[in-house]
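When you read off a place in the sequence shown, starting at 1, and then add 1197, the result is the number in our numbering.
Everything below concerns the one structure shown next.
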Amino acid sequence: MNQTSIGSYIALKRKQKNLTQGQLAEMLSVSNKTISKWETGKCMPDYATIPSLCEALDITVAELLDGEDAEPNSLRLYDNKQTLELIAAAQTRVTNTSLLEAGHSIMIGIAFIATAIALMDVKPLIASFIIGITAVIIVLGVYSVIEERRFASKAKNRP
């Protein structure tokens, strides 16, 4: 699975269907910049978009992931549904890992605050510095959680 070859394949199939990036983007409810990123290999379609993309381009999931048309009479180990389930499982694992990492950031931030409070009487300057760093860590952790949940709910709501 090579992002560049997949992107080139998406561009080829889009052009064969006489679609502009904007038209394909509208069909998939994404921006034309997203289509451009796919076609240049800068990023991949998320698993919730893949079925719609394949349908719009009249290709199979296997062809998309291979970055080329399937050979006639070729056999596949997995069908489209199974492939999509594997992609969804991988995406869920990535999301869960990201949420866990964000939770760790929040917990570390709380531990830093406790340390800073304990140091407040002894070293107020150091304690203030630790509180400042902690605020940044906690905000980044909360932001990560919010973004991951927004991404997950967006993916679930796609047809």
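All C-beta atoms, glycine included, are put in the ideal place defined by N, C-alpha and C.
Residue range of the alpha helix (DSSP H) that includes residue i
{"i": "G1204", "result": "1200 to 1213"}
{"i": "M1224", "result": "1218 to 1225"}
{"i": "I1256", "result": "Run containing I1256: none; DSSP gives neither H nor E here."}
{"i": "S1233", "result": "1229 to 1236"}
Alpha carbon of residue i to alpha carbon of residue j, nearest angstrom
{"i": "E1260", "j": "C1251", "result": "9 Å"}
{"i": "Q1220", "j": "I1343", "result": "31 Å"}
{"i": "L1297", "j": "L1322", "result": "32 Å"}
{"i": "D1318", "j": "G1338", "result": "28 Å"}
{"i": "L1225", "j": "M1304", "result": "39 Å"}
{"i": "S1233", "j": "Y1206", "result": "12 Å"}
{"i": "Y1340", "j": "E1268", "result": "46 Å"}
{"i": "P1356", "j": "S1249", "result": "Note on P1356: pLDDT 47, under 50, position unreliable in the model; no value is reported."}
{"i": "T1246", "j": "W1235", "result": "12 Å"}
{"i": "L1217", "j": "R1211", "result": "The amino acid at residue 1217 is misidentified as Leu; the sequence shows Thr. Their Cα atoms are separated by approximately 7 Å."}
{"i": "T1231", "j": "E1265", "result": "21 Å"}
{"i": "L1209", "j": "F1348", "result": "28 Å"}
{"i": "G1300", "j": "D1243", "result": "24 Å"}
{"i": "S1302", "j": "V1333", "result": "10 Å"}
{"i": "D1263", "j": "Q1213", "result": "18 Å"}
{"i": "L1254", "j": "S1228", "result": "17 Å"}
{"i": "T1237", "j": "G1204", "result": "6 Å"}
{"i": "F1309", "j": "V1336", "result": "13 Å"}
{"i": "Q1200", "j": "A1313", "result": "46 Å"}
Complete beta strand (DSSP E) runs within the stretch 1293 to 1352 (minimum length 3 residues, chain order)
Within the stretch 1293 to 1352, no complete beta strand (DSSP E) segment of 3 residues or longer occurs.
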